[in-house]
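**Student:**
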Amino acid sequence: MSRMSPDKEFWYENARLELARRLDRPGTPPRHDRAKNVVVFVGDGLGLATLTAARILKGQKEGKTGEEGWLAWDLFPAVALAKVRLINCTGGHVV
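One rule links them: number in the numbering used here = place in the sequence shown (from 1) + 332.
1) Count the C-beta pairs between the segment 366-382 and the segment 345-355 that are closer than 8 angstroms, then say yes if the count reaches three, no if not.
2) Determine the DSSP secondary structure at D378, reduced to helix, strand or coil.
3) For G377, does the count of other Cβ atoms within 10 angstroms reach 16, so buried, or fall short, so exposed?
4) Report the option in R387, P338, F342, T382 whose CA atom is closest to the CA atom of L407.
5) Quick check on DSSP: helix, strand or coil for L407?
Here it is, written out as structure tokens:
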């Protein structure tokens, strides 16, 4: 097992292939269709840093360098991240 991380071209190509795979997936409706059902997962405290750390930990537990780890929702056909902040709140205390 190599301890060197792949270069950026590896990750760009990996992303291109994954995008093509998801767009060509059998049973995937054309983009002009409207969603009939929506499932919303709300993960409080799951920011980008936490998700990245979870992916790395999962990859390391699988005996890899870490960056190869994937979480279950990484394979969903569509995902989104919404980051919200209160404008009158600092450090968890309402001002």
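Note that the Cβ used here is the ideal one computed from N, Cα and C, for glycine as well.
**Tutor:** According to the data block:
1) Touching, no, given that fewer than three Cβ pairs across the two stretches are closer than 8 angstroms.
2) Locating residue 378 in the sequence shown gives position 46, counting from the first residue. Here residue 378 turns out to be Leu, not Asp, going by the sequence shown. Taken through DSSP and simplified to helix, strand or coil, L378 comes out as coil.
3) As a working mapping, residue 377 is identified with position 45 in the sequence shown. The C-beta of G377 has fewer than 16 other C-beta atoms within 10 Å across all chains shown, which makes the residue exposed.
4) Taking the sequence shown and counting its residues from 1, one reaches residue 407 at position 75. That would be R387, whose Cα lies nearest to the Cα of L407.
5) For the purposes of this step, residue 407 is taken as the residue at position 75 of the sequence shown. L407 falls in the helix class under three-state DSSP.
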